[in-house]
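Here is the structure we will look at, set down as structure tokens.
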Amino acid sequence: MAEKHTILGGKVHVYKRENSPVWQCSTYLAGKNRRVSTKEKSLSKAKDFAEDWYLELRGKNARGEIFNEKTFKDAATQFEREYEVITEGQRSPKWVEGHKARIRLHLLPFFGKYGLSQVTAGLVQEYRIHRMQASATGKPPARSTIHDEVVT
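Per the working numbering, residue 1435 is the first one in the sequence shown, and the count goes up by one each step.
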């Protein structure tokens, strides 16, 4: 039988799975069960980790940083899987690869952590401003480049 302990008044569970030397922790927060490995073999260290993890999660939840929706990164991954098939015969393989590179290099670092409901016209405008200011060469990208990143 696996060992189980509760901390923080029953809000966090610390447990060890059968055939595993490390402790896991779990909690229910913002409508979802959440769990993570503590990567600790010592129960006391695992409890300390679990407490810190839970308090960090509560802080993120209070700041509105925990979402129960797909992120832009999730949608971009799905889009990359579908894009080549959808555009077959309409876009060259070189264009498709370039589009995947634009997503990976520019869109994901900016939008990746946002939930899909947070990607609004205002955030897209912030992205455009960011791209105009944060050019590696010191020269902003062409309007058509930003258009290709945002629209197509």
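Cβ atoms here follow ideal geometry from the backbone N, Cα and C, with glycine treated the same way.
Source: prediction; values computed, not measured.
Check whether residue i and residue j have beta carbons under 8 angstroms apart
| i | j | result |
| --- | --- | --- |
| A1496 | V1446 | no |
| V1448 | K1475 | no |
| A1576 | L1550 | no |
| L1489 | R1468 | no |
| T1511 | K1547 | no |
| I1441 | K1481 | yes |
| K1507 | L1477 | no |
| V1553 | F1545 | yes |
Buried or exposed by the 16-neighbour rule on C-beta atoms within 10 Å, applied to residue i
| i | result |
| --- | --- |
| E1452 | exposed |
| T1461 | buried |
| T1472 | buried |
| Q1524 | exposed |
| H1540 | buried |
| Q1458 | buried |
| E1583 | buried |
| V1585 | exposed |
Rounded separation between residue i and residue j - CA only
| i | j | result |
| --- | --- | --- |
| I1563 | S1526 | 29 angstroms |
| I1520 | G1556 | 28 angstroms |
| K1494 | H1439 | 24 angstroms |
| E1499 | W1487 | 15 angstroms |
| K1466 | G1443 | 18 angstroms |
| S1454 | K1479 | 16 angstroms |
| E1522 | H1581 | 21 angstroms |
CA nearest to the CA of residue i, picked from the options
| i | options | result |
| --- | --- | --- |
| E1535 | Y1548, T1579, Q1567 and Q1552 | Note on identity: in this sequence residue 1535 is Ala, with Glu being the wrong assignment. Considering only alpha carbons, the answer is T1579. |
| N1502 | S1478, W1529, Y1517 and L1463 | L1463 |
| K1450 | Q1559, E1437 and G1444 | E1437 |
| G1532 | F1545, F1544 and E1518 | E1518 |
For the region 1478-1551, list the alpha helix (DSSP H) runs that are entirely contained and at least 4 residues long, ordered along the chain.
1506-1520, 1527-1536 and 1542-1545
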